[in-house]
Structure formats: C-alpha cells, structure tokens
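Chains A and B, in that order, give the protein sequences.
Sequential numbering of the first sequence, starting at 0, is according to numbering that gives the first Met the number 0.
Sequential numbering of the second sequence, starting at 0, is according to numbering that gives the first Met the number 0.
These notes concern the structure reproduced below.
There are 2 protein chains.
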Amino acid sequence: MIARPSSSVTARVGILGGGQLGMMLAGSLYKLGADVALYDPDPHAPARRRYAHVTTAAWTDRAALARFFSEVDVVTYEFENVDATVITELAGSIPFRPGLSVLTTTQDRLAEKRLCRAHGLPHARFEAASCADELREVGRAFGLPFIVKTARGGYDGKGQARVVDEASLDRAAAQLFADGAARRSLILEEIVPFTMEASCIVARDAAGRAEVFPVFENHHERHVLDWTLVPARLPPAVADAAREIALDAARAMDVVGLLTTELFVAQAGAGGRTVGEHAIFVNEFAPRPHNSGHVTRTATTLSQFDALARILCELPLSSPRLLNDGAFVMGNLLGDLWLERGAPHLAFEEWARHPEVLDVVLYGKHEARPGRKMGHFVAHAPDPSQAIDAVAAFRRALGQAHPAG
Amino acid sequence: MIARPSSSVTARVGILGGGQLGMMLAGSLYKLGADVALYDPDPHAPARRRYAHVTTAAWTDRAALARFFSEVDVVTYEFENVDATVITELAGSIPFRPGLSVLTTTQDRLAEKRLCRAHGLPHARFEAASCADELREVGRAFGLPFIVKTARGGYDGKGQARVVDEASLDRAAAQLFADGAARRSLILEEIVPFTMEASCIVARDAAGRAEVFPVFENHHERHVLDWTLVPARLPPAVADAAREIALDAARAMDVVGLLTTELFVAQAGAGGRTVGEHAIFVNEFAPRPHNSGHVTRTATTLSQFDALARILCELPLSSPRLLNDGAFVMGNLLGDLWLERGAPHLAFEEWARHPEVLDVVLYGKHEARPGRKMGHFVAHAPDPSQAIDAVAAFRRALGQAHPAG
C-alpha cells in the first residue's frame, strides 16, 4: 500500500470480495480520497483488472488475510459468507463493519428469524430442524404448505424447497441431504402469500446515526432479482412502516455500515405487521450493499455505496432523497443473455434508442454463466408502469440485437 | 495487461495523463467493461493510487511510450500539452483520439483562431507576434487595449498579460520573455467585453455522429474556474447558436472524441456572431474532458466521461439531457482551502447540512497547492441564483469548518 497523501481522508479501507459490490464500493471510497485494498481468491475477480491493491489468496490463507488486515484501518465485506471464525482471529483491533455479530446473525436464517422474534420485527412463523427425520416430523406438526431452507449458505433460490404434500416433503428431505450430510441446520417457514417483494436499506454510522433509503419494489425471476423499482408502489403509510422495521432491525443488530432488509408485503390478515389493508413481513437481511440498491447510483442523492464509504471513512451521512419525480428502475443483465445471444453488451445502439435508460454498468466478469449477474442498467420514466415497460423493452432489444449465430 | 474477458467490450484504452480527468474517464471505461492503461510521469499521480495499469515514466521516454502504445487498441489524452512529434512517431496504426491535427491545432492559440477564421467561427480580432520588438510594433498598430498570450503552453491565466498603455506594453514584453528566450509565438487579441463566459462540449464519434451538451455558464476567479452553472442563463436562441458554433468547430477539426469550446458572450455590437441582443465569440478549444464538464457527472443523462468512453469503445452515443428541472452547479475545491483551513475535506458535516449538494469528489492528490484543483462538488437548486448561493454557502462552510489552528 503506497503512502497516503495528506489531502485525502485518513481511511485505508479493506474490502473482502472483489466482485461488483466491492468494486462499486471501491469507486465511492476513491471518490472520498480514501485508499482501498480488496481481497478475493479468484484470479479473475473483476476488481483485479481495475484496481491497484488487490490480494489474490484463498479465504483460508491466514497469512495473506493477516497481512491484508495489517495494512488497513477498517475492513468490510461484500457478501456474508465470510468465515466468521477466521475473522474473529484476525480482526483484532481493526474495526470490522458491520460487526461480527451482525455477520454471524445474517449468515444464519434461523438466527435472523430469532432476532426478529426477540425484537418484535414481523416475520413468518418458522421452526427449526436439523436432519431429514426431524424435517419430516417437524414439518408434519408445522402444517403444510411451507418452505424449507438451509439455515446457512444458499442464495438466489439455491438450498430451498417448497413442501406442499407428503411426496414433496420426502423430496425436500432427500434434496437437502443429497450430499450425504447427516445433519444440517434447516428452517421451515410458513409461506407468505405476498403481493410484493420489497427491500429497504439502512445506513448507520458508529454513533448510531442512521439514514433510511426509500423502499424498493423487487421482482424476481427464477429466484434471481430481475428488476427493482423505486419508489415501491405502496401507500405511504406502508412504505413508512417498512422503513421503520428496517431501521429497528439495524438498531437491534447495532449495524455500523449498511443493512438491507428484504420484506414481503401481503394483504392484511395473514399475520405480519398490519398497516391498513397490507401486512409486512421481514424475509431476510444482508449486511452489505444490495443488488436492489444499485438503483441508488442513479436515483437518489446518496447512493448505497457512497453511504457505506462515508461510514467507513467516519464521515457524516446525508439523507438519500429521490433525484426526480416519476419512477426509477434497475434491471439486472444476466449471463443467460450473453450465452443465448452472443454479445448483448455491444448492443449499445439500443441504449441510444432508449433514452430513458440513464446508465448501463458492466462488471467485466471473466465469463458469462446462466443466472450470473453480468451488469445492470437504470432507467427513469414518468410513472412505474412505463418504467417497468422500459426494462422489458430494453432487455428484449439487447437480446434481439445480436441473435445467436 | 491481463487477458480480456469475453464478456467485456473489445477495447483496451490508453490514457495519457493520470490526473483527475484521466481517472474519471477510466471510471467510465471500466463501467463499459473495457480495460484501461494510464501513463503519467508523476509517481504521485492520483491514478497510480487506484488503478491496476499505470505506467510511471517520462513523456520523453520513447521506450516506455512505445510499450504503452503497443498494449492498447486506442489512445486518448487528458490534457493537450502532449508532445505531438513523439506521438506522431509512436501512434502508428493505433487510433489516437482526438487526432493529431486536433491536438496540434488546440495546442496553439494562433492555430485555433486561424481555424475559426477559416471556418467562419466567430472570434475576437487577433494578430501574431514572435519577439518583444514585434510585440511592441504589432501591438501599437493593433490598437489598445488588448490581451497578449503565449500561443503555446500556459493555462489558468499563466503566460498572458493585459496591455492598456505603453507602460503595460513594455511590462508585457518583459514578462513574456523573462526566461531569456529571444523568440516566442504570441497572439494579440482584442479584449471582448464579455458579460458571460460559457463552454459547450461536443462528443463526436468516428462516423461523424455528434451529440452536443447543454451550454454551461462559467465563472472564473483569478483565471481559475470557480463554478459552472447549467443551463447557462442565456436566451434559448443564444444557447442554440453557441451549440451550433461548438458543433461546427468539432466538424471543422474532424474531432473523434470530445471538443470543449470555451465561449464569450457579450452584448451585440462588439463583433462576434450576433443573436438578438447578444454576441458570441469563440475563446479557445480543449480536445478532452473539461473541468466545466464535471457537472455532467450528476446533471445530465450522459456524462462527458461516459460519452468519451463510448466513442473510444466504438459504442453509440445517446443525447445528454438534463436530469431535472432547475439548475445544477459544479464548484471547484482548490488547494487554497486546504492550505488556509487545514482539512476541509473532512468537513462533511457541512455536506450533510447542505442537502442540495449531491456529490463531492476528491481527487486524492498528493499535496495541496494554491490554485490546485483538489476536488469538486455538484449541487442542485430550483433556480440559478439559489444554485450559485449554494456554492458560496457550501464553500464558506467548508472553509470555516476547520479553521487554521
């Protein structure tokens, strides 16, 4: 790490992970004059193609991790599957943000739901199980239908099954222990008949001062985030309640950094926290910049990355307000588009033809894979339905611009 | 340079210069998935602290420059004082954008004005001189008052003098040859009694397709850009004429990349191109991202950096439109603030208290010097005078936040 100039902020910030979240955070940190070091085992990590200080070493390489920690003033992470025991050993006096207890809670779906229960945060009824037999037994007592998930690991729909009858209960038991493991921590959850998925990001500094972002409406396809709309199409009282829940969660965990709360909104009467005709449930938490938050790069006066950068550099936050009336939308660009259609990233003619598309970001990933997040775009339109239409039209155009040969 | 992934655009882009303009351009190129290499003789160049591929070598190091050119697909530059003869030798078949003839024209104020004359672009009356005696002789014939500038080199008010009488003519002659040079190319220009300084950026691709940015109003203090307001407070017909002049200039030079045209606006009757009660004059050109254009990072649907990045990657442009009603303003943060006040970059409490400030960018320069551009900020307000007030208030607050001890 080279010497820090006197005209920059004092922070040297370490980021565990050199994917798109780490890279975009690094950009915000550099904008404050901070120094940044990233750590990623993947020699093809996008950050490595760009940034000066990237360590390529395994998550289990204690010597490399120790060196990394010794060269920075504060450490954060871009994904929550960091090995907490290793960090416990290494962090020492270096602030690790959000802290270890936040990391361990959000690494475990059972711990998340227990935290909700302890702090009065609305959530779906849940139960724990730890082996195939217990899953069957607890599942029958719990009542069908339900969703069963591994408590740890798994994302974008991996490591979960929907149980609607005895046959699917057997399938789930087989599937979740297909690797031969005898025991595995599982969570059974009541299925929330949601009408909307939403998320709400809270930025909270070491002094407990917090800013809450506007509520995002999220649409998933095959368990992967497809688009995010802001503001969410919710009555103001429901959005306010969602923001309050997100803030309460950040306080309950004493988050210093970002906490994204993923929420379900359902019709009132199904449990959760009732607001007028709606009910809100916490789904899960992510203690880091969130895919849905990419929309804030263009839509709000403070982006999720700028907010986290300021917290890490111990600079005050400002309130993230929407930059314009109407609706902003973020659409993910997945690897499927590359695999099916060749080189959609070259179809920028389409971008020029869709002036409502304000920004396209490509992460520079080494190779396209199905469902892999390769980039995203942000568009603005006078109203939500036009914004959603713009996503579909732009993505269709990208896909059709370079038909597979 | 590491291997390019198949999922990125094909360009490997070389940037001569690793200051703030090169860095912000690199950010836009990375956002397209391109690879970037920067070249700067300064071991403290801000780019070096951040980016993976920065060559630190002298501008006269032909071997280092040749290696740099051999590793990229296209080369651009962040400032126009690049040695054109060296580039002529090295560029070979690598596109150099904007091209050598643009560079040599914009390196020379006489060549710029002659180009204006040849292409009917409005400009102040001018004359050439090349030694102290000729300056006196030509100056007397030209008529007082006038401004005399070195044709090459000099920026931010350096290398120029205002001549109002015989005594100041002698002082100018002495000052401009103070280094003992016998001959130096000079340009004498009539003083335009301008009421506004403005600039207009044109982005133009290799096929000649161009996009013209909104006109910026620029305010200088001691010859250094202080703030930029967009849209400029001009009648629409005057702004349209300014954009047309800027576009004509870009076409006249066959610019592939960005051309910034700096303009004077005066009252009609003083020469120039008359539009209603106003007259427009070209002041000078810059074939690169421009300090005034920083406002586009926040104010327009396409930034100057994104526009140049797309041209370098051979991707189509879209139209840069203002993102909101009202006025956007960019304020420079100069080294004086650091020298006089300690660490104003740490006064982000002020930022939080000035919610109209949307973004602050610090360049991470090694040391503060008087007049040195250390960073900038962008604010938005409902109308131009509130925007300008916001600049003053924010800057005052930064300066007062950390009084010199």
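Positions of the beta carbon are idealized from the N, C-alpha and C atoms, including for glycine.
- A Cβ-Cβ separation of about 5 Å places B:Ala197 in contact with B:Ala231 under the 8 Å criterion.
- The secondary-structure analysis by DSSP pairs B:Gly374 across a beta bridge with B:Leu332 and B:Leu361.
- Short of 7 Å from the beta carbon of A:Arg135, and not among the five residues preceding or following it, lie these beta carbons of its own chain, in chain order: Leu168 and Ala172.
- Between B:Ser129 and B:Lys112, the alpha-carbon positions lie close to 16 Å from each other.
- At least one C-beta of chain B is nearer than 8 Å to the C-beta of A:Trp350.
- For A:Met23, the enclosing alpha helix (DSSP H) starts and ends at Gln19 to Lys30.
- Spanning the alpha carbons of A:Arg203 and A:Leu257 requires a straight line of approximately 6 Å.
- Along the region 46-59 of chain B, the positions whose C-beta sits under 8 Å from a C-beta of chain A are Arg47, Arg48, Arg49, Tyr50, Ala51 and Val53, read in chain order.
- Under DSSP, B:Cys199 shares a beta bridge with B:Thr260.
- In this structure, B:Pro288 keeps its C-beta atom at 8 Å or more from the C-beta atom of B:Glu79.
- Within chain B, the residues whose beta carbon sits less than 8 Å from that of A:Thr300 are Pro354 and Leu357, listed in sequence order.
- When beta bridges are read from the DSSP output, B:Leu187 appears opposite B:Glu126 and B:Val147.
- By the beta-carbon neighbour count (other beta carbons within 10 angstroms, threshold 16), B:Asn331 is buried.
- Taking all protein chains in view, the Cβ of A:Pro234 is surrounded by fewer than 16 other Cβ atoms within 10 Å, so the residue is classified as exposed.
- Under the three-state reduction of DSSP, A:Arg250 is assigned to helix.
- If you check the CB distance, B:Ala245 and B:Thr227 do not come in under 8 Å.
- Taking 8 Å as the cut-off, the Cβ atoms of B:Phe327 and B:Val390 do not count as close.
- Contact annotation for B:Tyr38 against chain A: no contact, minimum CB-CB distance about 15 Å [criterion: below 7 Å].
- Check the Cα spacing between B:His219 and each of B:Ala209, B:Arg182 and B:Leu262: the tightest is with B:Leu262.
- Counted as a single uninterrupted DSSP element, the beta strand (DSSP E) harbouring B:Arg161 occupies residues Gln159 to Val162.
- At a C-beta separation below 7 Å, B:Ser129 has no neighbours in chain A, since its nearest C-beta there lies roughly 40 Å away.
- Cβ proximity to chain B below 8 Å picks out Arg309, Leu314, Pro315, Leu316, Ser317, Ser318, Arg320, Leu322 and Asn323 from the region 307-327 of chain A.
- In this structure, the beta-carbon distance from B:Val201 to B:Ala241 does not fall below 8 Å.
- Only Met22, Ala25, Gly26, Tyr29, Lys30, Leu31, Gly32 and Ala33 from the region 16-33 of chain A bring a Cβ to less than 9 Å from some Cβ of chain B.
- For the region 245-260 of chain B, the set of positions with a beta-carbon nearer than 9 Å to some beta-carbon of chain A is empty.
- The continuous beta strand (DSSP E) containing A:Phe280 extends over residues His277 to Ala285.
- For B:Gly13, the uninterrupted beta strand (DSSP E) run begins and ends at Arg11 to Leu15, by DSSP.
- Among the bridge pairs identified by DSSP, B:Thr295 is matched with none.
- Here DSSP, grouped into helix, strand and coil, assigns B:Ala36 to strand.
- Look at the beta carbons and you see the region 307-320 of chain B touching the region 27-36 of chain B: at least three pairs across the two are nearer than 8 Å.
- Interface annotation, B:Leu361: in contact with chain A, CB-CB separation under 8 Å.
- One alpha carbon belongs to A:Gly16, the other to A:Val294, and they sit about 21 Å apart.
- The beta carbon of A:Phe280 sits closer than 6 Å to those of Pro121, His122, Ala123, Val191, Phe263 and Gly271, all from its chain and outside the five residues before and after it, given in chain order.
- In the three-state scheme derived from DSSP, where H, G and I count as helix and E and B as strand, A:Val137 is classed as helix.
- DSSP places A:Asp225 inside the beta strand (DSSP E), whose first and last residues are Val223 to Val229.
- Within the DSSP bridge table, the entry for B:Arg116 names no partner.
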